[in-house]
Each structure stands twice: as C-alpha cells, then as structure tokens.
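Here the sequence shown stands for residues 1 to 57, numbered as in my numbering. Read the structure below first, then the notes.
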Amino acid sequence: MATVYDRVKTIVVDKLGVEEGEVTETASFIENLNADSLDLVELIMAFEEEFLLPNRS
C-alpha cells in the first residue's frame, strides 16, 4: 500500500507535469514546481478526490 507521501507525490507529478525527483517535502508548488493558481485549484480537487475529503459548502 502506498504511503500518503507517495500518493501526494503521484498526484503532483501527474497534475503539474514535473519529474518525480523535483517533488520533495520542501519543494514549493509555486517557486520550485512552477504551479499557477489554476494548478493549485486542480491539485486541491485531486487531493479531495484521492483522500475522499468532503466538499466544504
């Protein structure tokens, strides 16, 4: 079974199109992985889906 870190890393690699080696525990989505505001929204949605988090309404 994959760890939470591995699951998060897989999502980040998929959504941002970066190499696995670029995704570290200290990497900044914006400064290091070149994510923009839309990327961040897509990441949040993917995390919610992966970890079955309810939508806040």
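Positions of the beta carbon are idealized from the N, C-alpha and C atoms, including for glycine. Computed from a prediction, not measured in an experiment: that's the story for all the values here.
Beta carbon of residue i nearer than 8 Å to that of residue j
{"i": "L16", "j": "A35", "result": "yes"}
{"i": "E49", "j": "L33", "result": "no"}
{"i": "L40", "j": "F29", "result": "yes"}
{"i": "V4", "j": "V12", "result": "no"}
Proximal residues to residue i (C-beta, below 8 Å), its chain only, five neighbours per side dropped
{"i": "A2", "result": "T10"}
For residue i, the first and last residue of its enclosing alpha helix (DSSP H)
{"i": "M45", "result": "37 to 50"}
{"i": "V18", "result": "From DSSP, V18 is part of no alpha helix (DSSP H); its letter is neither H nor E."}
Contact with chain D by residue i, beta-carbon distance below 8 Å
{"i": "L16", "result": "Absence of chain D from the displayed structure is noted, only one protein chain being present."}
Contacting residues, own chain, Cβ-Cβ under 6 Å from residue i (five flanking each side not counted)
{"i": "E20", "result": "V13"}
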